[in-house]
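The structure under discussion appears below in the form of structure tokens.
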Ligand code: HEM
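Numbering (the working numbering), first residue to last: 238 to 686.
Pasting the structure below:
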């Protein structure tokens, strides 16, 4: 029996719901939506009870609720706390959150985007040339290594070399264990003499932290200014004039790495899964690039990819601290509320023929604030959205200019969860062949924002 104070939802045992949510997130949500309507209550192993919202009216109220009524930071910290700690923007609430947002925003917007564009163009151009041709290749690991290098260089200000490679290795080693149920679900966090997954996670995290602390000390000793996030964080002082501690700096740096590589690699993977199956769209992109006249269709294609496969199945849960009425329901304190971008993006009353891939939708009507939600919304909207668009557009254009794509597996790729993001089940298995020159190529023009 469900709770009569909350919208109805599946009555399956908690463990079955948790497994469905973990292993088949899209299929599970679609079934719940079809059976219970645009809002339904889940009973999963990560407390508290969570209500999933997929009506744009509900979502507008949800995004705009006062921060002392719905608390996203508290909601996010339960799941991501072991990886990102207690000082990353995502786990902060109210004034602390807004102060941090103001500090970080300039590093992913405006002039900084131009600087980041140079980094993105360099890494993408170099990497794409190394990908094997004429055989099936899993693009997901390649894209992950590409996004990893970009975010680590943007955040830590490292140049290519052994230190960058070692940092990437240590970050990935602990991050991989951070998504396991033994880390995410608090009661499973047991060390038991050092043999459990949790104990292994703690060891790997300590190894990554050791190197990060060393980098912080080196940068402090050098006194080198820079345009990376670490350089900016090192200039900050607390109210009493003290510097940020190693732990505070580490949380923000690791948090940005967490937010900014796997999400992107997964989104890029879906993008190429689709491009290998949509020759009409590819031809339009190539034609636009050859004309050298803007990138409207390219942008619309990326927007349609983000609509078709938003890689975060939900927003972070917002914990209800004071009762709030949304869409005719009064949610009591103690409940978690989530929005589902996937369900909104596949609602036929909002997007006619939602399973058809058609970038033209966004040429006809720009994405709506509460109907196109790959970046979430309100005061928690993705801080890296412009940066992510830049990376997505650059990699799409570079690959399509150089390669023809065909699927490496017959039929569609199923969606599966990889840590926080939803990825293609076969790793975006694709065959790349060098594209013969058309003779109409436009001069290489970097995408700059
Ligand atoms: C395709 C790639 C990405 C997707 C789909 C994505 C998606 C999202 C979403 C949905 C949220 C809001 C979560 C919520 O409301 O609970 C968010 C927040 C955030 N994202 Fe992204 N993101 C991506 C890339 C990036 C990148 C590259 C960065 C790095 C700078 C980044 C940094 C952040 C930060 C810092 C927040 C928290 C904002 C806040 O709490 O004020 N994201 N992202």
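Don't be surprised by glycine CBs; every beta carbon is placed ideally from N, CA and C.
Ranked by how close their Cα comes to the Cα of residue 469, the residues 409, 342, 663 have 342 in first place. Look at residue 582: its beta carbon is at least 7 Å from all of the heavy atoms in the ligand HEM.
When the Cα atoms are used, residue 522 and residue 513 turn out to be separated by approximately 13 Å. Apart from sequence neighbours up to five positions away, the residues of its chain that approach residue 375 with a beta-carbon distance below 6 Å are 664, 666, ordered along the chain. Excluding five sequence positions before and after residue 506, the CB atoms of its chain that fall closer than 8 Å to its own CB belong to 376, 377, 380, 660, 661, 664, 665, given in chain order. As the crow flies, the alpha-carbon of residue 596 is around 19 Å from that of residue 623.
Counting along the chain, residue 561 sits inside the beta strand (DSSP E) bounded by residues 561-563. For the options 317, 347, 390, 636, the alpha carbon positioned closest to that of residue 416 is the one of 317. Listed in chain order, the non-local C-beta contacts of residue 326 below 6 Å within the same chain comprise 337, local neighbours out to five positions each way being set aside.
For residue 650, the CB contacts under 6 Å within the same chain, skipping 5 residues up- and downstream, are 510, 661, 662, 663 in chain order. The beta carbon of residue 290 sits no closer than 7 Å to any heavy atom of the ligand HEM. Membership of residue 471 in the alpha helix (DSSP H) is indicated by the continuous run 466-471. Burial state of residue 324 is buried, judged by a 10 Å Cβ sphere holding 16 or more other Cβ atoms.
Residue 617 and residue 335 do not touch by the CB rule: their CB atoms are close to 11 Å apart, not below 8 Å. Annotation for residue 612 indicates a beta carbon within 7 Å of some heavy atom of the ligand HEM. Short note on residue 309: C-beta closer than 7 Å to some heavy atom of the ligand HEM.
Residue 300 is positioned such that its CB atom lies closer than 8 Å to that of residue 614. Comparing alpha carbon positions, the residue from 320, 308, 351 closest to residue 571 is 308.
Selection 496, 504, 533 evaluated against residue 620 yields 496 as nearest (Cα-Cα). Relative to the ligand HEM, residue 624 has its C-beta within less than 7 Å of a heavy atom. As computed with DSSP, residue 568 is found in a beta bridge with 561. Taken through DSSP and simplified to helix, strand or coil, residue 332 comes out as helix. Uninterrupted alpha helix (DSSP H) stretches at least 4 residues long and entirely within the segment 510-550 occur at 516-528, 533-545, given in chain order. When the beta-carbon positions are compared, residue 553 and residue 391 stay at least 8 Å from each other. In terms of Cβ geometry, residue 272 and residue 291 do not form a close pair [threshold 8 Å]. Put simply, of 266, 306, 259 the residue whose alpha carbon is nearest the alpha carbon of residue 283 is 259.
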